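Taking it in order: structure first as structure tokens, then the write-up.
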């Protein structure tokens, strides 16, 4: 009988309409990535995915009924004092420290994890980091991923400013000094977006250019790199292995 793995995906935002129309909400996008990760890991595990939209709605799954949690990215600020963001931070702190369940954080989720564990999160000094970028891995990152560098889609201007106690930094780039966090058995996070495809990135770039968030130069720069090869699916496998090895 296949082993069952219960993963709760906490959706911290809703994708823009063209993305929803083609590939669904963030829970759907991550479910697809995790399913590919199961295949790549040669696992027969039976994924049971639950999806929880937590934006303005701080209702969470029972940690005792989940094996692991995944926090999505978001356009919102992880350092904000909005009620749902504070509530989410407190919930994640409890999952890690009290329930001791593995938590995976992506972009905004990476920042929420850092905040929950006592680290400072805020605007980065270098501005937007977008589209496919190279991440140089630390020694801990090299051990975890089995290579020296990662190439992943980025979409952020907020950063984790310091490594929380008990965690190690997995990598860095010219615009972001803390590209990932790892605490054995409990925390796996990445500032980048392994779930983003060229299509998703292209839609976001176009929308933010149309609304004036990105000027012509930044838009064209991002567009020129959106189709580059990434390690996204490899990280999907890495996430699955991390959860399989550490869920209790």
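Residue numbers (the working numbering): 6 to 253.
Every residue gets a Cβ at the ideal spot worked out from N, C-alpha and C, and that includes glycine.
All values reported here derive from a predicted model rather than from experimental measurement.
#1: Go to residue 31, then tell me how far its alpha helix (DSSP H) extends in each direction, as first and last residue.
#2: Just confirm the distance between the C-beta atoms of residue 134 and residue 208, as a whole number of angstroms; I'd bet it's less than 8 Å.
#3: According to DSSP, is residue 224 helix, strand or coil?
#4: Do you know how far the Cα of residue 210 is from the Cα of residue 243?
#5: Once the 5 residues before and after residue 146 are set aside, which same chain residues still bring their CB inside 7 Å of it?
#6: Quick check on residue 81: buried or exposed, where buried means 16 or more other Cβ atoms within 10 Å of its Cβ?
#7: Output yes or no for whether 8 Å exceeds the beta carbon distance between residue 123 and residue 117.
#8: Counting along the chain, where does the beta strand (DSSP E) carrying residue 161 start and finish?
#9: Keeping to the same chain, check which residues put their C-beta closer than 8 Å to that of residue 221; ignore five residues upstream and five downstream.
#10: With DSSP as the reference, please indicate the residues paired to residue 174 in a beta bridge.
Based on what the coordinates show:
#1: The sequence position of residue 31 within the chain shown is 26, counting from 1. Where residue 31 is concerned, the enclosing alpha helix (DSSP H) stretches over 31-45.
#2: Walking along the chain shown from the start, residue 134 turns up at place 129. Walking along the chain shown from the start, residue 208 turns up at place 203. Rounded, the Cβ-Cβ distance is 18 Å, inconsistent with contact.
#3: Residue numbering aside, residue 224 sits at position 219 when the chain shown is read from its first letter. Residue 224 falls in the helix class under three-state DSSP.
#4: Locating residue 243 in the chain shown gives position 238, counting from the first residue. Locating residue 210 in the chain shown gives position 205, counting from the first residue. Computed Cα separation, rounded: 27 Å.
#5: Taking the first residue of the chain shown as 1, we reach residue 146 at position 141. Correct list, in chain order: 175, 176, 185.
#6: Locating residue 81 in the chain shown gives position 76, counting from the first residue. Residue 81 is buried by the Cβ-count criterion.
#7: As a first step, residue 123 is located in the chain shown; it is residue number 118 there, counting from the start. As a first step, residue 117 is located in the chain shown; it is residue number 112 there, counting from the start. No, the Cβ-Cβ distance between residue 123 and residue 117 is not below 8 Å.
#8: Counting from 1 along the chain shown, the entry for residue 161 is found at position 156. Here the beta strand (DSSP E) through residue 161 covers 154-161.
#9: In the chain shown, the residue the question calls residue 221 occupies position 216. So the list reads 214, once near-sequence residues are dropped.
#10: Counting from one through the chain shown, the residue named residue 174 turns up at place 169. Beta-bridge pairing links residue 174 to 186.
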